[in-house]
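> Take a look at this one; I'll ask things after.
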Amino acid sequence: MPGLTTAEAPFIERARREGELYIEQPYHLYTPENHAAWQSLYHRMLPRWERYANRHFRAGLDALCLSRDRVPRLEDVNRFLRPRTAFTAKGVSGYVPAFEFFDCLRNRQFPTTVTIRRGDHLDYLPEPDIFHDVAGHVPMHTEKNFAEALVRFGACAHTAVEVAAGIRDPEERVHRLTSIIRAMARFFWFTIEFGLMTSADGLKAYGSGLLSSYGEIEHAIESPDVQRYPMQLEWAINQSFEIDHYQPLLFTVDSFDRLFDLVGCLETWMKNGRLNHVAPGEPAVNESDMRSFLDAAK
Ligand SMILES: [Fe+2]
Numbered sequence: 000m001p002g003l004t005t006a007e008a009p010f011i012e013r014a015r016r017e018g019e020l021y022i023e024q025p026y027h028l029y030t031p032e033n034h035a036a037w038q039s040l041y042h043r044m045l046p047r048w049e050r051y052a053n054r055h056f057r058a059g060l061d062a063l064c065l066s067r068d069r070v071p072r073l074e075d076v077n078r079f080l081r082p083r084t085a086f087t088a089k090g091v092s093g094y095v096p097a098f099e100f101f102d103c104l105r106n107r108q109f110p111t112t113v114t115i116r117r118g119d120h121l122d123y124l125p126e127p128d129i130f131h132d133v134a135g136h137v138p139m140h141t142e143k144n145f146a147e148a149l150v151r152f153g154a155c156a157h158t159a160v161e162v163a164a165g166i167r168d169p170e171e172r173v174h175r176l177t178s179i180i181r182a183m184a185r186f187f188w189f190t191i192e193f194g195l196m197t198s199a200d201g202l203k204a205y206g207s208g209l210l211s212s213y214g215e216i217e218h219a220i221e222s223p224d225v226q227r228y229p230m231q232l233e234w235a236i237n238q239s240f241e242i243d244h245y246q247p248l249l250f251t252v253d254s255f256d257r258l259f260d261l262v263g264c265l266e267t268w269m270k271n272g273r274l275n276h277v278a279p280g281e282p283a284v285n286e287s288d289m290r291s292f293l294d295a296a297k
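The sequence shown begins at 0 in numbering that gives the first Met the number 0 and counts up one residue at a time.
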């Protein structure tokens, strides 16, 4: 029974074939193996979270009352999440094009994968799963200042659309949008996915890519091979990254107020044209990402 295993779920394949991006979580389809995978992932992360996760994340875990032993129901998660910041986790069948993804954040909805990785492949996988999305991202959404930064970031996608709508030449519009989307993706990567926070009790992770990775959360904080610098916007938006190995370069912030201000700065730079020509390189801006922005600009 494949159940809702990453890349093996017939329910998800059908939804994608039929163009259903936003889906109800078909909870009855999770198999005992799916629940066992969640349990293994969660239990091995617990001591790492205690040691390396920022305190807001740990408070968020408690606030959400996430099950340790079974894949959580999104409606249960949302019951605890919504009263705190009005965020909700919203089931999706796969990749959400960039504009729609950012627009969901603006509307306090977090597109959430419902499948879970195989129990015999607990470590790295390139695509998100429910452990990454719900155990890695969602606890952060209980924190008010973090949530506000995320909403403000989502709103930047509308600013990008306004900028694009003001460019007459179609080729130039695509060129500038490519650069702006790349800058936004890099910002998201170096903060929401892989951000570190300096605090009175030392360096802690707040990025979800770290919070959902048993190996990398320790590496990010302990390894002498990682470069760690205070977040500099001009650096992060011009910095390529690769997704298939531990990150060699990470940025720190000292508060989510600071993160909120950085998003404001990103938006100002976008309006001023400072994101129009960021350094080429990863991540690539795929066709569906570009199309989502162009369609919104119509
Ligand atoms: Fe993520």
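In this text, a Cβ means the ideal position worked out from N, Cα and C, and glycines have one as well.
Tell me the DSSP secondary structure of L73 in three-state form.
Reduced to three states, the DSSP call for L73 is helix.
> Along the alpha helix (DSSP H) that carries A164, what are the first and last residues, could you check?
K143 to A164 is the span of the alpha helix (DSSP H), which, as asked, contains A164.
> What does DSSP give as the partner residue(s) for Q108 in the beta ladder?
Looking at the DSSP assignment, Q108 forms a beta bridge with T87.
> Could you tell me the distance, in whole angstroms, from the CA atom of V277 to the CA atom of P31?
Whole-angstrom Cα-Cα distance: 47 Å.
> Can you give the Cα-Cα distance for R257 and R273, rounded to whole angstroms?
Their backbone Cα atoms lie some 20 Å apart in a straight line.
> Determine the contact status of Y51 and I216, defining contact as a CB-CB distance below 7 Å.
Result yes, Cβ atoms of Y51 and I216 sit closer than 7 Å.
> Going by DSSP in three states, Y21 sits in which element: helix, strand or coil?
It is a strand residue.
> Less than 7 Å between the beta carbons of G300 and E192, yes or no?
Here the chain comprises residues numbered 0 to 297, so residue 300 is not present and cannot be evaluated.
> Quick check: the Cα distance between G59 and R83, rounded to an integer number of angstroms?
The alpha-carbon atoms of G59 and R83 are separated by roughly 10 Å.
> Give every residue of the same chain whose Cβ lies closer than 6 Å to the Cβ of L176, excluding the five residues on either side of it in the sequence, and list them in chain order.
Cβ neighbours of L176 beyond the five flanking positions: A163 and F292.
> Can you say whether H244 is buried or exposed, counting buried as having 16 or more other CB atoms within 10 angstroms of its CB?
Result: exposed.
> Tell me which same chain residues have a C-beta within less than 7 Å of the C-beta of I115, skipping the five on either side of it?
Here the set comprises L3, T4, T5, N33, A36, W37, V70, D128, I129 and F130.
> Counting beta carbon pairs with one atom in the region 40-54 and one in the region 200-207, are three or more of them shorter than 8 Å?
Flag = yes, the region 200-207 and the region 40-54 touch.
> According to DSSP, what are the bridge partners of M183?
Partner(s): none; M183 has no beta bridge.
> Counting C-beta neighbours from all protein chains within 10 Å, is the total for S178 16 or more, i.e. buried, or is it exposed?
Result: buried.
> Does the beta-carbon of Q231 have 16 or more other beta-carbons within 10 angstroms, so that it is buried, or is it exposed?
Label assigned to Q231: exposed.
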